[in-house]
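Residues in the sequence shown are numbered consecutively from 1, following the UniProt record's numbering.
C-beta: ideal position from N, C-alpha, C; glycine also.
For reference, the structure is listed below as C-alpha coordinates.
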Amino acid sequence: MAQQTISPKSPRSINSKKVFFAFSPGESSFQRGYLGAHPDVFLTGVLHIRYTNKKPIFAKKVEVSFVGKESVFFIGTLEEGQKIKEDDDDFSDDEVSTETLSTHTAKRTIFSSSICLWRSQSKGSYESVTGLDLPFRFKLPENLPPSLYMDKGCGRIYYMLKATISRRPIDPDSRNYEKKIKIFCPIVRYTVTPPQIPSRWLVKQEGPALPHAVDYDVSLSHSTFGSGSSIVVPIKLKFHEPQIYLKNIFIGIKEYHELRTNRYETITKRYIVEETVNAESIPTSGSDNEYSLNVKLSIPSTRNLVYSVDSTYITVSHKIKVKFHLGKTPNINLSKFINIQNVVSRKEYSRESLKVETPAIIQQKLPFKEDNIKRGSYNISKRLSPFLPMFSKIHIIDKKNQKQISMQLLHLTDSETNSVYNSRSLISK
1 MAQQTISPKS PRSINSKKVF FAFSPGESSF QRGYLGAHPD VFLTGVLHIR YTNKKPIFAK
61 KVEVSFVGKE SVFFIGTLEE GQKIKEDDDD FSDDEVSTET LSTHTAKRTI FSSSICLWRS
121 QSKGSYESVT GLDLPFRFKL PENLPPSLYM DKGCGRIYYM LKATISRRPI DPDSRNYEKK
181 IKIFCPIVRY TVTPPQIPSR WLVKQEGPAL PHAVDYDVSL SHSTFGSGSS IVVPIKLKFH
241 EPQIYLKNIF IGIKEYHELR TNRYETITKR YIVEETVNAE SIPTSGSDNE YSLNVKLSIP
301 STRNLVYSVD STYITVSHKI KVKFHLGKTP NINLSKFINI QNVVSRKEYS RESLKVETPA
361 IIQQKLPFKE DNIKRGSYNI SKRLSPFLPM FSKIHIIDKK NQKQISMQLL HLTDSETNSV
421 YNSRSLISK
(Lines of atoms letter the chains of each structure in order from A; the text may use other names.)
(Lines give C-alpha, C1' and ligand atoms only; values in the text may rest on other atoms or scores of the structure.)
Protein backbone atom coordinates (compact mmCIF):
# COMPACT_ATOMS: atom_id res chain seq x y z
CA MET A 1 0.00 0.00 0.00
CA ALA A 2 1.44 3.36 -1.02
CA GLN A 3 2.22 5.81 1.73
CA GLN A 4 0.44 9.15 1.82
CA THR A 5 2.65 12.22 1.60
CA ILE A 6 1.91 14.78 4.30
CA SER A 7 2.32 18.34 3.05
CA PRO A 8 0.36 21.61 3.10
CA LYS A 9 -2.33 21.84 0.43
CA SER A 10 -1.49 24.60 -2.03
CA PRO A 11 -4.12 26.82 -3.61
CA ARG A 12 -4.01 26.81 -7.40
CA SER A 13 -5.07 28.93 -10.33
CA ILE A 14 -7.66 27.85 -12.91
CA ASN A 15 -6.92 29.35 -16.32
CA SER A 16 -8.80 29.63 -19.60
CA LYS A 17 -8.00 31.10 -23.02
CA LYS A 18 -11.63 32.13 -23.45
CA VAL A 19 -12.16 33.80 -20.07
CA PHE A 20 -9.27 35.66 -18.46
CA PHE A 21 -8.33 38.60 -16.24
CA ALA A 22 -6.17 41.53 -17.32
CA PHE A 23 -4.84 44.70 -15.72
CA SER A 24 -6.69 47.94 -16.28
CA PRO A 25 -5.37 49.86 -19.32
CA GLY A 26 -2.06 51.52 -18.53
CA GLU A 27 -1.55 49.58 -15.27
CA SER A 28 1.05 46.93 -14.40
CA SER A 29 -0.79 45.33 -11.47
CA PHE A 30 -4.30 44.89 -10.11
CA GLN A 31 -3.57 46.90 -6.95
CA ARG A 32 -4.00 50.63 -7.42
CA GLY A 33 -2.41 52.70 -4.67
CA TYR A 34 -0.28 52.30 -1.56
CA LEU A 35 -2.23 50.17 0.92
CA GLY A 36 -1.37 51.23 4.47
CA ALA A 37 -0.10 54.64 3.38
CA HIS A 38 -3.27 55.97 1.76
CA PRO A 39 -6.93 55.37 2.73
CA ASP A 40 -8.31 55.06 -0.83
CA VAL A 41 -6.72 51.99 -2.41
CA PHE A 42 -8.49 49.87 -5.02
CA LEU A 43 -8.16 46.57 -6.81
CA THR A 44 -9.02 47.16 -10.46
CA GLY A 45 -8.94 45.12 -13.63
CA VAL A 46 -10.87 43.85 -16.62
CA LEU A 47 -12.48 40.45 -17.16
CA HIS A 48 -12.29 39.46 -20.84
CA ILE A 49 -14.64 36.90 -22.40
CA ARG A 50 -13.68 35.65 -25.87
CA TYR A 51 -15.82 33.08 -27.71
CA THR A 52 -16.37 32.62 -31.44
CA ASN A 53 -19.61 33.24 -33.29
CA LYS A 54 -19.78 29.54 -34.14
CA LYS A 55 -19.33 28.45 -30.53
CA PRO A 56 -20.66 31.16 -28.22
CA ILE A 57 -21.28 30.67 -24.52
CA PHE A 58 -24.89 30.91 -23.39
CA ALA A 59 -24.85 32.78 -20.11
CA LYS A 60 -27.24 34.62 -17.83
CA LYS A 61 -24.83 36.14 -15.28
CA VAL A 62 -21.13 36.98 -14.82
CA GLU A 63 -19.72 37.54 -11.33
CA VAL A 64 -16.25 38.41 -10.06
CA SER A 65 -15.18 37.90 -6.46
CA PHE A 66 -12.08 38.91 -4.54
CA VAL A 67 -11.21 36.55 -1.69
CA GLY A 68 -8.38 36.56 0.86
CA LYS A 69 -7.44 33.59 3.03
CA GLU A 70 -4.99 32.74 5.79
CA SER A 71 -3.80 29.18 6.34
CA VAL A 72 -1.23 27.40 8.50
CA PHE A 73 0.12 23.86 8.50
CA PHE A 74 2.74 22.54 10.88
CA ILE A 75 3.95 19.14 11.95
CA GLY A 76 6.27 18.15 14.77
CA THR A 77 6.56 16.87 18.32
CA LEU A 78 4.10 18.07 20.94
CA GLU A 79 5.85 19.32 24.08
CA GLU A 80 4.42 20.41 27.41
CA GLY A 81 5.62 23.06 29.82
CA GLN A 82 7.99 25.46 28.07
CA LYS A 83 6.45 28.64 26.74
CA ILE A 84 6.62 29.10 23.00
CA LYS A 85 7.93 32.67 23.22
CA GLU A 86 10.96 31.81 25.34
CA ASP A 87 14.09 32.71 23.40
CA ASP A 88 16.36 29.68 23.32
CA ASP A 89 19.52 30.46 21.38
CA ASP A 90 20.85 26.95 21.89
CA PHE A 91 17.83 25.40 20.18
CA SER A 92 18.14 24.28 16.57
CA ASP A 93 15.10 23.85 14.33
CA ASP A 94 16.80 20.78 12.88
CA GLU A 95 16.54 18.95 16.23
CA VAL A 96 13.23 17.23 15.51
CA SER A 97 12.15 13.95 17.02
CA THR A 98 10.22 11.66 14.68
CA GLU A 99 8.96 9.35 17.41
CA THR A 100 5.59 11.07 17.94
CA LEU A 101 4.46 13.53 15.31
CA SER A 102 1.26 15.51 15.14
CA THR A 103 -0.07 17.64 12.29
CA HIS A 104 -2.11 20.79 12.87
CA THR A 105 -3.91 22.97 10.34
CA ALA A 106 -6.12 26.04 10.42
CA LYS A 107 -7.68 28.13 7.69
CA ARG A 108 -9.97 31.15 7.58
CA THR A 109 -11.33 33.66 5.12
CA ILE A 110 -9.88 37.11 5.75
CA PHE A 111 -11.96 38.99 3.22
CA SER A 112 -14.66 38.18 0.68
CA SER A 113 -16.39 40.53 -1.73
CA SER A 114 -18.37 39.88 -4.91
CA ILE A 115 -19.53 41.95 -7.89
CA CYS A 116 -22.15 41.07 -10.49
CA LEU A 117 -20.71 42.49 -13.72
CA TRP A 118 -23.25 41.37 -16.29
CA ARG A 119 -26.75 39.88 -16.61
CA SER A 120 -28.74 38.70 -19.61
CA GLN A 121 -31.38 40.98 -21.09
CA SER A 122 -34.21 38.76 -19.81
CA LYS A 123 -33.89 37.86 -16.15
CA GLY A 124 -33.22 34.15 -15.69
CA SER A 125 -32.77 33.52 -19.44
CA TYR A 126 -29.57 32.49 -21.20
CA GLU A 127 -28.09 34.80 -23.81
CA SER A 128 -25.50 34.13 -26.50
CA VAL A 129 -22.19 35.80 -25.61
CA THR A 130 -19.09 35.98 -27.80
CA GLY A 131 -17.08 38.92 -26.50
CA LEU A 132 -17.26 41.03 -23.36
CA ASP A 133 -14.80 43.38 -21.64
CA LEU A 134 -16.00 43.88 -18.08
CA PRO A 135 -14.13 46.34 -15.83
CA PHE A 136 -14.33 45.85 -12.07
CA ARG A 137 -13.20 47.55 -8.88
CA PHE A 138 -12.90 46.55 -5.22
CA LYS A 139 -12.05 48.98 -2.43
CA LEU A 140 -9.43 47.44 -0.14
CA PRO A 141 -9.90 47.73 3.65
CA GLU A 142 -7.12 49.74 5.28
CA ASN A 143 -6.26 46.90 7.71
CA LEU A 144 -5.94 44.19 5.05
CA PRO A 145 -2.74 42.14 5.68
CA PRO A 146 -0.26 41.69 2.81
CA SER A 147 0.22 38.51 0.82
CA LEU A 148 2.63 36.22 2.63
CA TYR A 149 4.38 32.90 1.96
CA MET A 150 6.77 31.47 4.52
CA ASP A 151 8.31 28.23 5.76
CA LYS A 152 7.79 26.53 2.38
CA GLY A 153 4.07 27.10 2.41
CA CYS A 154 3.38 26.23 6.05
CA GLY A 155 2.19 29.81 6.57
CA ARG A 156 0.24 31.64 3.87
CA ILE A 157 -1.84 34.74 3.38
CA TYR A 158 -3.06 34.82 -0.20
CA TYR A 159 -5.66 36.55 -2.35
CA MET A 160 -7.46 35.41 -5.48
CA LEU A 161 -9.67 36.89 -8.15
CA LYS A 162 -12.43 34.51 -9.19
CA ALA A 163 -14.80 34.74 -12.14
CA THR A 164 -18.01 32.70 -12.31
CA ILE A 165 -20.18 32.51 -15.43
CA SER A 166 -23.65 31.04 -14.94
CA ARG A 167 -24.04 29.19 -18.23
CA ARG A 168 -26.15 26.64 -20.02
CA PRO A 169 -24.43 23.22 -19.93
CA ILE A 170 -22.80 22.15 -23.19
CA ASP A 171 -23.96 18.57 -22.61
CA PRO A 172 -27.73 18.30 -21.92
CA ASP A 173 -27.01 15.52 -19.41
CA SER A 174 -24.42 17.60 -17.54
CA ARG A 175 -25.16 19.50 -14.36
CA ASN A 176 -22.19 21.80 -14.75
CA TYR A 177 -23.97 25.15 -14.82
CA GLU A 178 -20.91 27.29 -14.09
CA LYS A 179 -17.61 28.11 -15.72
CA LYS A 180 -15.00 29.24 -13.21
CA ILE A 181 -11.54 30.71 -13.42
CA LYS A 182 -9.32 32.09 -10.67
CA ILE A 183 -5.88 33.66 -10.40
CA PHE A 184 -3.62 34.77 -7.60
CA CYS A 185 -3.67 38.48 -6.88
CA PRO A 186 -0.78 39.66 -4.65
CA ILE A 187 -1.57 42.41 -2.17
CA VAL A 188 1.27 44.68 -1.03
CA ARG A 189 1.24 46.84 2.10
CA TYR A 190 3.35 49.94 2.65
CA THR A 191 4.51 51.90 5.66
CA VAL A 192 5.26 55.61 5.42
CA THR A 193 8.83 56.41 6.47
CA PRO A 194 8.63 57.03 10.23
CA PRO A 195 10.35 60.01 11.88
CA GLN A 196 13.82 59.23 13.19
CA ILE A 197 13.31 59.60 16.92
CA PRO A 198 16.35 58.33 18.87
CA SER A 199 15.61 55.88 21.66
CA ARG A 200 17.64 54.21 24.36
CA TRP A 201 18.18 50.50 24.18
CA LEU A 202 15.72 48.38 26.12
CA VAL A 203 17.63 45.73 28.08
CA LYS A 204 16.04 42.29 28.21
CA GLN A 205 18.53 40.74 30.62
CA GLU A 206 21.85 42.19 31.77
CA GLY A 207 23.06 39.12 33.55
CA PRO A 208 24.85 39.12 36.90
CA ALA A 209 27.49 41.67 35.84
CA LEU A 210 27.61 44.50 38.40
CA PRO A 211 26.81 48.04 37.16
CA HIS A 212 30.04 49.40 38.59
CA ALA A 213 32.07 46.74 36.76
CA VAL A 214 30.82 47.32 33.18
CA ASP A 215 28.99 50.33 31.74
CA TYR A 216 27.42 50.19 28.29
CA ASP A 217 25.39 52.53 26.11
CA VAL A 218 23.51 51.24 23.04
CA SER A 219 20.82 53.12 21.11
CA LEU A 220 18.81 53.08 17.89
CA SER A 221 17.71 56.01 15.75
CA HIS A 222 14.25 54.47 15.20
CA SER A 223 12.46 51.11 15.34
CA THR A 224 10.95 50.69 11.85
CA PHE A 225 13.18 49.80 8.90
CA GLY A 226 12.73 48.80 5.27
CA SER A 227 14.22 45.96 3.27
CA GLY A 228 17.58 46.85 1.76
CA SER A 229 18.15 49.64 4.28
CA SER A 230 20.93 49.87 6.85
CA ILE A 231 20.88 50.02 10.63
CA VAL A 232 23.73 51.83 12.37
CA VAL A 233 24.05 50.91 16.04
CA PRO A 234 26.36 53.12 18.14
CA ILE A 235 27.93 51.17 21.00
CA LYS A 236 29.95 52.37 23.99
CA LEU A 237 31.58 50.12 26.60
CA LYS A 238 33.56 51.03 29.69
CA PHE A 239 35.21 48.64 32.16
CA HIS A 240 35.77 49.68 35.77
CA GLU A 241 37.73 46.60 36.86
CA PRO A 242 41.10 45.82 35.23
CA GLN A 243 40.66 42.03 35.15
CA ILE A 244 37.53 42.24 32.98
CA TYR A 245 38.12 42.34 29.24
CA LEU A 246 36.18 42.20 25.96
CA LYS A 247 36.40 39.20 23.63
CA ASN A 248 34.02 40.27 20.87
CA ILE A 249 30.71 41.99 20.14
CA PHE A 250 27.94 40.18 18.29
CA ILE A 251 25.00 42.03 16.74
CA GLY A 252 22.27 40.54 14.57
CA ILE A 253 18.63 40.68 13.54
CA LYS A 254 16.58 37.59 14.30
CA GLU A 255 13.34 36.74 12.51
CA TYR A 256 10.62 34.79 14.35
CA HIS A 257 7.83 32.87 12.61
CA GLU A 258 4.91 31.91 14.86
CA LEU A 259 2.22 29.57 13.50
CA ARG A 260 -0.86 28.64 15.51
CA THR A 261 -4.30 27.10 15.37
CA ASN A 262 -7.04 27.68 17.93
CA ARG A 263 -5.24 25.40 20.37
CA TYR A 264 -1.64 24.78 19.28
CA GLU A 265 1.32 26.95 18.33
CA THR A 266 4.90 26.57 17.16
CA ILE A 267 7.79 28.82 16.19
CA THR A 268 10.88 28.91 14.00
CA LYS A 269 13.62 31.51 14.18
CA ARG A 270 16.75 32.46 12.28
CA TYR A 271 19.19 35.33 11.89
CA ILE A 272 18.63 37.25 8.66
CA VAL A 273 21.82 39.30 9.16
CA GLU A 274 24.59 39.15 11.76
CA GLU A 275 27.98 40.68 12.45
CA THR A 276 30.77 39.79 14.89
CA VAL A 277 33.45 42.35 15.77
CA ASN A 278 36.56 41.07 17.56
CA ALA A 279 37.99 43.20 20.38
CA GLU A 280 41.37 43.47 18.64
CA SER A 281 39.80 45.42 15.76
CA ILE A 282 38.08 48.02 18.00
CA PRO A 283 40.07 51.16 18.93
CA THR A 284 40.27 51.87 22.67
CA SER A 285 40.77 54.96 24.81
CA GLY A 286 41.10 55.88 28.47
CA SER A 287 43.88 53.45 29.41
CA ASP A 288 42.39 50.78 27.11
CA ASN A 289 39.23 50.37 29.18
CA GLU A 290 36.79 52.23 26.90
CA TYR A 291 35.40 51.03 23.56
CA SER A 292 33.38 53.11 21.13
CA LEU A 293 32.20 51.98 17.69
CA ASN A 294 29.33 52.04 15.20
CA VAL A 295 28.16 48.68 13.86
CA LYS A 296 26.35 48.71 10.53
CA LEU A 297 23.85 46.01 9.53
CA SER A 298 22.35 45.82 6.04
CA ILE A 299 18.82 44.40 6.04
CA PRO A 300 18.38 41.84 3.22
CA SER A 301 16.08 42.27 0.26
CA THR A 302 12.50 41.00 0.41
CA ARG A 303 13.54 37.68 -1.10
CA ASN A 304 15.47 36.79 2.06
CA LEU A 305 13.08 38.05 4.72
CA VAL A 306 9.40 38.25 5.64
CA TYR A 307 7.92 41.58 6.65
CA SER A 308 6.63 41.98 10.20
CA VAL A 309 2.97 40.94 10.44
CA ASP A 310 0.55 39.93 13.18
CA SER A 311 -2.66 38.11 12.21
CA THR A 312 -4.89 35.48 13.78
CA TYR A 313 -2.79 32.43 12.88
CA ILE A 314 0.53 33.97 11.77
CA THR A 315 2.95 36.34 13.48
CA VAL A 316 6.27 37.43 12.02
CA SER A 317 8.44 39.55 14.30
CA HIS A 318 12.03 40.78 14.33
CA LYS A 319 14.42 41.41 17.16
CA ILE A 320 17.81 43.10 17.15
CA LYS A 321 20.23 41.39 19.53
CA VAL A 322 23.53 42.65 20.91
CA LYS A 323 25.86 40.34 22.85
CA PHE A 324 29.03 41.39 24.66
CA HIS A 325 31.24 38.35 25.13
CA LEU A 326 33.43 39.15 28.13
CA GLY A 327 36.31 37.61 30.00
CA LYS A 328 36.39 37.19 33.80
CA THR A 329 32.68 38.06 34.07
CA PRO A 330 29.40 36.81 32.60
CA ASN A 331 28.38 37.97 29.13
CA ILE A 332 25.85 40.77 28.61
CA ASN A 333 22.87 40.16 26.29
CA LEU A 334 20.64 42.98 25.03
CA SER A 335 17.64 42.74 22.73
CA LYS A 336 14.80 44.83 21.36
CA PHE A 337 11.89 44.20 18.99
CA ILE A 338 11.94 46.19 15.75
CA ASN A 339 9.63 46.36 12.73
CA ILE A 340 10.73 45.55 9.21
CA GLN A 341 8.16 46.86 6.76
CA ASN A 342 7.76 47.78 3.12
CA VAL A 343 8.72 51.42 3.68
CA VAL A 344 7.72 54.15 1.22
CA SER A 345 8.35 57.89 1.48
CA ARG A 346 5.52 60.42 1.43
CA LYS A 347 6.95 61.84 -1.78
CA GLU A 348 6.78 58.45 -3.50
CA TYR A 349 3.20 57.53 -2.63
CA SER A 350 1.87 61.07 -3.21
CA ARG A 351 2.79 60.70 -6.89
CA GLU A 352 0.40 57.78 -7.30
CA SER A 353 -2.82 58.67 -9.11
CA LEU A 354 -5.67 57.05 -7.21
CA LYS A 355 -8.49 58.07 -9.55
CA VAL A 356 -10.16 54.96 -10.98
CA GLU A 357 -12.86 55.16 -13.65
CA THR A 358 -15.45 52.43 -13.03
CA PRO A 359 -19.13 51.83 -13.72
CA ALA A 360 -21.74 52.97 -11.20
CA ILE A 361 -21.85 50.78 -8.10
CA ILE A 362 -24.45 49.61 -5.62
CA GLN A 363 -23.41 48.78 -2.04
CA GLN A 364 -24.79 45.59 -0.52
CA LYS A 365 -23.78 43.39 2.41
CA LEU A 366 -22.46 39.88 1.91
CA PRO A 367 -22.42 37.24 4.65
CA PHE A 368 -18.93 36.51 5.91
CA LYS A 369 -17.85 32.96 5.27
CA GLU A 370 -15.43 31.31 7.64
CA ASP A 371 -13.75 28.03 6.79
CA ASN A 372 -13.80 25.20 9.27
CA ILE A 373 -10.67 24.79 11.36
CA LYS A 374 -9.20 21.34 10.99
CA ARG A 375 -6.96 19.68 13.52
CA GLY A 376 -5.52 16.25 13.40
CA SER A 377 -2.53 14.07 14.04
CA TYR A 378 -0.94 11.62 11.66
CA ASN A 379 0.97 8.53 12.69
CA ILE A 380 4.57 7.99 11.67
CA SER A 381 3.67 5.40 9.00
CA LYS A 382 2.76 8.23 6.65
CA ARG A 383 5.56 9.64 4.55
CA LEU A 384 6.54 13.28 5.06
CA SER A 385 7.27 15.55 2.14
CA PRO A 386 11.08 15.89 1.86
CA PHE A 387 10.66 19.66 1.40
CA LEU A 388 8.47 20.17 4.47
CA PRO A 389 10.12 21.92 7.46
CA MET A 390 9.79 20.18 10.82
CA PHE A 391 8.85 22.00 14.01
CA SER A 392 10.48 20.57 17.11
CA LYS A 393 8.40 22.44 19.69
CA ILE A 394 4.62 22.42 19.40
CA HIS A 395 2.79 23.69 22.48
CA ILE A 396 -0.77 23.96 23.69
CA ILE A 397 -1.92 27.59 23.84
CA ASP A 398 -3.14 28.66 27.27
CA LYS A 399 -6.90 29.15 27.65
CA LYS A 400 -6.63 32.95 27.83
CA ASN A 401 -4.96 33.18 24.42
CA GLN A 402 -7.34 30.55 22.99
CA LYS A 403 -10.20 32.85 23.96
CA GLN A 404 -8.49 35.84 22.33
CA ILE A 405 -8.17 33.97 19.02
CA SER A 406 -11.85 32.96 19.18
CA MET A 407 -12.83 36.59 19.82
CA GLN A 408 -10.78 37.70 16.80
CA LEU A 409 -12.68 35.25 14.60
CA LEU A 410 -16.01 36.37 16.06
CA HIS A 411 -15.14 40.01 15.39
CA LEU A 412 -14.34 39.24 11.78
CA THR A 413 -17.53 37.26 11.32
CA ASP A 414 -19.65 40.12 12.63
CA SER A 415 -17.87 42.83 10.67
CA GLU A 416 -19.17 44.30 7.46
CA THR A 417 -17.28 43.27 4.34
CA ASN A 418 -16.56 45.57 1.44
CA SER A 419 -19.26 44.31 -0.95
CA VAL A 420 -19.74 45.94 -4.31
CA TYR A 421 -22.23 45.11 -7.06
CA ASN A 422 -21.50 46.84 -10.37
CA SER A 423 -24.27 47.80 -12.74
CA ARG A 424 -24.64 45.63 -15.81
CA SER A 425 -21.98 46.15 -18.48
CA LEU A 426 -22.46 45.24 -22.16
CA ILE A 427 -19.23 46.08 -23.95
CA SER A 428 -19.20 43.57 -26.80
CA LYS A 429 -16.84 42.96 -29.64
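(request) Please look up how many angstroms separate the CB atoms of I110 and K69, rounded, as I've assumed it's under 8 Å. (result) Right, the Cβ-Cβ distance comes to about 6 Å (below 8 Å), so this counts as a contact.
(message) Output needed for G81: all residues of its chain with C-beta closer than 6 Å, excluding positions within five of it in sequence on either side, in chain order.
(response) Because the pLDDT at G81 is just 47, under 50, the model does not fix this residue reliably, and the point stays unresolved.
(request) Report the rounded CA-to-CA distance for S112 versus M160, giving the unit in angstroms. (result) Distance between the alpha carbons of S112 and M160: 10 Å.
(request) State yes or no: is the beta carbon of N342 nearer than 9 Å to at least one beta carbon in chain B? (result) Reference to chain B is not applicable here, since this structure consists of a single protein chain.
(message) Applying the 10 Å Cβ sphere with the 16-neighbour rule, what's the burial state of R303?
(response) Of the other Cβ atoms in all chains shown, fewer than 16 fall within 10 Å of the Cβ of R303; this residue is therefore exposed.
(message) As an exercise, report each continuous beta strand (DSSP E) stretch of at least 3 residues that is fully enclosed by the UniProt domain "Arrestin C-terminal-like" (212-334), in chain order.
(response) Runs of beta strand (DSSP E) with 3 or more residues, each lying fully within the UniProt domain "Arrestin C-terminal-like" (212-334), are found at 214-220, 224-226, 230-239, 245-260, 264-278, 290-298 and 314-327, listed in chain order.
(message) If contact is defined by three or more beta carbon pairs under 8 Å, each pair taking one atom from either stretch, is the segment 37-57 in contact with the segment 288-295?
(response) Contact between the segment 288-295 and the segment 37-57 is absent: fewer than 3 CB-CB pairs across the two stretches fall below 8 Å.
(message) Run through the DSSP bridge pairs and tell me what P135 is partnered with.
(response) For P135, which the question treats as bridged, DSSP gives the partners V46.
(request) Let me know the secondary structure DSSP gives G33 once reduced to three states. (result) Reduced to three states, the DSSP call for G33 is coil.
(request) Pull up the distance between the alpha-carbon of K247 and that of P300, whole angstroms please. (result) Distance between the alpha carbons of K247 and P300: 27 Å.
(message) If you reduce the DSSP assignment to three classes, tell me which class G124 lands in.
(response) Three-state result, G124: coil.
(message) What does DSSP give as the partner residue(s) for V67 in the beta ladder?
(response) Answer is S112 and M160.
(request) Determine the direct distance from the alpha carbon of T329 to that of Y313, and round the result to whole angstroms. (result) Straight-line spacing of the CA atoms in Y313 and T329 works out to 42 Å.
(request) Kindly identify the DSSP beta-bridge partner or partners of V343. (result) Answer is T191.
(message) Looking only at its chain, what residues have a beta carbon closer than 8 Å to the beta carbon of L220, apart from the 5 residues adjacent to it on each side?
(response) Here the set comprises P198, S199, W201, I231, V233, I320, K336 and I338.
(message) Does the structure place the segment 268-284 close enough to the segment 120-128 that three or more beta carbon pairs sit under 8 Å?
(response) Per the Cβ contact rule, the segment 120-128 is not in contact with the segment 268-284 (fewer than 3 Cβ pairs under 8 Å).
(message) What does the alpha-carbon distance come out to for the pair Q31 and S298?
(response) Take the alpha-carbon of Q31 and the one of S298: they are about 29 Å apart.
(message) Excluding the 5 residues flanking A106 on each side, which residues of the same chain have their C-beta closer than 6 Å to its C-beta?
(response) In its chain, beyond the 5 residues on either side, V72, T261, Y313 and I373 have a beta carbon closer than 6 Å to the beta carbon of A106.
(message) So for G26, helix, strand or coil by DSSP?
(response) Coil.
(message) Classify R156: buried if its beta carbon has 16 or more other beta carbons within 10 angstroms, exposed otherwise.
(response) By the 10 Å Cβ count, R156 comes out buried.
(message) Starting from K180, trace the beta strand (DSSP E) in both directions and tell me its first and last residue.
(response) Residues E178 to F184.
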